[in-house]
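Undergrad: So for the sequence shown, the working numbering puts the first residue at 206; every next one is plus one.
Each residue gets a CB set at the ideal place from its N, CA and C atoms; glycine is no exception.
Here the structure is a predicted model, which means the values were calculated and not measured.
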Amino acid sequence: MEHNIKGLIYKVESKDFYVLNDDDTEVRCSLRGRLKKEHSLKKRKLKTLDIVVVGDIVEYSLNDDGTGVIEGVVDRENYISRKAPKLKGAGNRGERLEQIIAANIDNLFIVTSIHQPEFNNRVLDRIIVTGESEHLNVYIIINKSDLDEFELIPEWKEFYEEIGYTVFAVDAHSGDGIEELKDTMAGTKSLFWGQSGVGKSTILNKIAPELNFKTGEVSQWSSKGKHTTVTAIIKKIDNDTYIIDTPGIKEIEPFGIQEENLGFYFIEFTDYLEHCRFNTCTHNHEPGCAVREAVENGDITVERYESYLNMLDSIEDDMIF
Ligand code: GDP
Ligand code: ZN
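(1) Compare the beta carbon distance of VAL403 and VAL316 with 7 Å and say whether it is the shorter of the two.
(2) The alpha helix (DSSP H) with GLY336 in it runs from where to where?
(3) Starting from the C-beta of ASP353, find all residues in its chain whose C-beta is less than 6 Å away, skip the five residues before and the five after it, and write them out in chain order.
(4) State the beta-bridge partners of SER395 as determined by DSSP.
(5) Please classify MET184 as buried or exposed, where buried requires at least 16 other C-beta atoms within 10 Å of its C-beta.
(6) Between ALA495, PRO322, LYS288 and ASP227, which lies nearest to GLN400 when the distance is taken from Cα to Cα?
(7) Could you please give the first and the last residue of the uninterrupted beta strand (DSSP E) stretch that includes ALA374?
(8) In whole angstroms, what is the alpha-carbon distance linking GLY198 and ILE346?
(9) So the beta strand (DSSP E) PHE222 belongs to, where does it begin and stop?
(10) Which one or two residues does DSSP pair with VAL278 in a beta bridge?
(11) CB of LEU352 to nearest heavy atom of the ligand FMN: below 6 Å?
(12) From CYS494 to THR272, what distance separates their C-alpha atoms?
(13) Pick helix, strand or coil for ARG237, following the three-state DSSP scheme.
(14) In the DSSP assignment, find the beta strand (DSSP E) that holds GLU218 and state where it starts and stops.
(15) Pull up the CB-CB distance for LEU313 and LEU357, whole angstroms please, since I reckon it's below 8 Å.
(16) Alpha carbons only, please: which of GLU508, THR451 and PHE460 is nearest the one belonging to ALA307?
(17) May I ask whether a heavy atom of the ligand GDP can be found less than 6 Å away from the beta carbon of VAL403?
(18) By how many angstroms is the C-alpha of GLN304 removed from the C-alpha of LEU386?
(19) In this structure, does DSSP put GLU243 in helix, strand or coil?
(20) Could you tell me the alpha carbon to alpha carbon distance between ASN410 and VAL375, rounded to whole angstroms?
(21) For the segment 504-512 against the segment 472-481, are there 3 or more C-beta pairs whose distance is under 8 Å?
(22) For ILE171, list the residues DSSP reports as bridge partners.
(23) Might you give, ordered along the chain, the residues of its own chain that have their beta carbon closer than 7 Å to the beta carbon of VAL328, omitting 5 neighbours on each side?
(24) For ARG482, count neighbouring C-beta atoms within 10 Å of its own C-beta (all shown protein chains included) and say buried if the count is 16 or more, exposed if not.
(25) Rounded to a whole number of angstroms, what is the C-alpha to C-alpha distance between ASP221 and ARG233?
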């Protein structure tokens, strides 16, 4: 038996954890019982359901039969998660548990389309908040530029670039914009997220045809399941470039964002936050709110402010059981 080998979890399927080694070999691992025990002892205090997730760096021992046993997990630099479906008995105050989709991510590429499905800035803003709250580099892709008959893409591109985001206009069929994506991803771990139908798989297949990303995959997410498997998967493109795909993950709602912090994740608000009269300002109704003043002056757009109010509302909803 070999000990203390380090590897990257690239796939999790129920109790099987698949590790990718530096030399590109792969090992199927199980979890050391001790890890499970530690987790269940801490469970009451833990908010997360997951011991080992896609993107984790783990230490494992290699059995003679070629399988491995995970002995430990390196502390996560960050992770992206969603609210798990409400579980019976999960917290008394109606708290929702956290389900980690993937860990140790550099970039979040949010894939949208301009048409079929229609571009939806509300959904986009929600995902941006998720990325900002974990300090990821957030990039926006607007796909299906070939369907942009009303030339809306240049307007949205300018809208988000004004705020500070890089926006890629892409036509995944012709390949327009794909090279720029590849340049930006090089040497990093990038998670791609998009509502189904926006063309995420088509884009990923253009980026790395040899990896066969599945198009039009049916969701493996079940609302009935107690703890359904989240099916993120990591694929290596070259030496230090990885794609984290999230097939079957329909929604990611930011988890654990406090009302009073939400404003920080709307990056163009940050200049104003400290000028609100009350330091507990939620920028909703309070007098002397610098954010609302900026909206009135046109320094913050009404669209983004409405997205903010929308999210603020849903944070409050979560607290009602
Ligand atoms: P996913 O659910 O986001 O992975 O979307 P898919 O990659 O499966 O694509 C959904 C549909 O959109 C498919 O019919 C694709 O052929 C189509 N599609 C993808 N990219 C483009 C594009 O740039 N332009 C057009 N017109 N259709 C696209
Ligand atoms: Zn305020």
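TA: Put simply:
(1) Counting from 1 along the sequence shown, the entry for residue 403 is found at position 198. Counting from 1 along the sequence shown, the entry for residue 316 is found at position 111. It is a contact, given that the beta carbons lie within the stated cut-off.
(2) On the sequence shown, residue 336 is found 131 positions in, with the first residue counted as 1. Counting along the chain, the alpha helix (DSSP H) containing GLY336 begins and ends at 326-338.
(3) Indexing the sequence shown from 1 puts residue 353 at position 148. Result list for ASP353: ILE319, in chain order.
(4) As a working mapping, residue 395 is identified with position 190 in the sequence shown. Paired residues: ASN312 and ILE448.
(5) Limits of the chain in this structure are 206 at one end and 526 at the other, which puts residue 184 out of reach.
(6) Position 195 of the sequence shown, counted from the first residue, corresponds to residue 400. Nearest C-alpha to GLN400: PRO322.
(7) The residue given as residue 374 occupies position 169 in the sequence shown. Start and end: 371-374.
(8) Nothing in the structure corresponds to residue 198, since the chain is present only between 206 and 526.
(9) For the purposes of this step, residue 222 is taken as residue 17 along the sequence shown, with counting starting at 1. From DSSP, the beta strand (DSSP E) with PHE222 extends over 221-225.
(10) Here residue 278 is taken as the residue at index 73 of the sequence shown, counted from 1. DSSP, once it has assigned bridges, lists VAL263 as partnering VAL278.
(11) This structure lacks the ligand FMN; its bound ligands are the ligand GDP and the ligand ZN.
(12) Position 289 of the sequence shown holds residue 494. Position 67 of the sequence shown holds residue 272. The straight-line gap from Cα to Cα measures roughly 59 Å.
(13) Position 32 of the sequence shown, counting from 1, holds the residue named residue 237. Of the three classes helix, strand and coil, the one that applies to ARG237 here is coil, per DSSP.
(14) Stepping through the sequence shown from its first residue, residue 218 is reached at position 13. Run containing GLU218: 207-218, per the beta strand (DSSP E) assignment.
(15) For the purposes of this step, residue 313 is taken as the residue at position 108 of the sequence shown. For the purposes of this step, residue 357 is taken as the residue at position 152 of the sequence shown. Not confirmed; about 23 Å, so no contact.
(16) In the sequence shown, counting from the first residue as 1, residue 307 sits at position 102. Ranking the options by Cα distance to ALA307, first place goes to THR451.
(17) For the purposes of this step, residue 403 is taken as the residue at position 198 of the sequence shown. Indeed, a heavy atom of the ligand GDP lies less than 6 Å from the Cβ.
(18) In the sequence shown, the residue the question calls residue 386 occupies position 181. In the sequence shown, the residue the question calls residue 304 occupies position 99. Looking at the two C-alpha atoms, the distance is approximately 28 Å.
(19) On the sequence shown, position 38 is the one that residue 243 refers to. Residue state, collapsed to three classes: helix.
(20) Along the sequence shown, one-based indexing puts residue 410 at 205. Along the sequence shown, one-based indexing puts residue 375 at 170. C-alpha separation (whole angstroms): 13 Å.
(21) yes
(22) Residue coverage of the chain in this structure runs from 206 to 526, which leaves residue 171 outside it and unanswerable.
(23) Your numbering for residue 328 matches position 123 in the sequence shown. GLN400, listed in sequence order.
(24) Locating residue 482 in the sequence shown gives position 277, where the first residue counts as 1. Exposed is the call here.
(25) On the sequence shown, position 16 is the one that residue 221 refers to. On the sequence shown, position 28 is the one that residue 233 refers to. About 6 Å.
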